[in-house]
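Engineer:
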């Protein structure tokens, strides 16, 4: 865990940040500066669901592009896609 804190755009609170940018480029830097470690873990679980539901091949350029778009939407946009038929556990 990192000693640095960020004002997390997803959780809307001050929380421990990531130790390093999780992906390259401008998006990775933006996530590093504005997303907490807790919110990143939430995204990884959501990403796993998308990979499984849509049977994404991470070796495929289009699949990786889709996941980067979904990452940006999850944190900074309207929200990421949800797997069809998904029902949150707390519902």
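Numbering (the working numbering), first residue to last: 174 to 264. Glycine included, each C-beta is placed from N, C-alpha and C at the ideal position.
When burial is assigned at 16 or more other CB atoms within 10 Å of the CB, is residue 198 buried or exposed?
Structural biologist: exposed
Engineer: Helix or strand or just coil, what does DSSP make of residue 236?
Structural biologist: Note: residue 236 maps to helix in three-state DSSP.
Engineer: Determine the direct distance from the alpha carbon of residue 220 to that of residue 246, and round the result to whole angstroms.
Structural biologist: Approximately 12 Å between the Cα atoms of the pair.
Engineer: As a quick exercise: from 179, 206 and 249, pick the residue whose alpha carbon is nearest that of residue 194.
Structural biologist: Considering only alpha carbons, the answer is 206.
Engineer: I need the boundaries of the alpha helix (DSSP H) containing residue 188, first residue and last residue.
Structural biologist: It is not in any alpha helix (DSSP H) - residue 188 instead sits in the beta strand (DSSP E) that spans 186-189.
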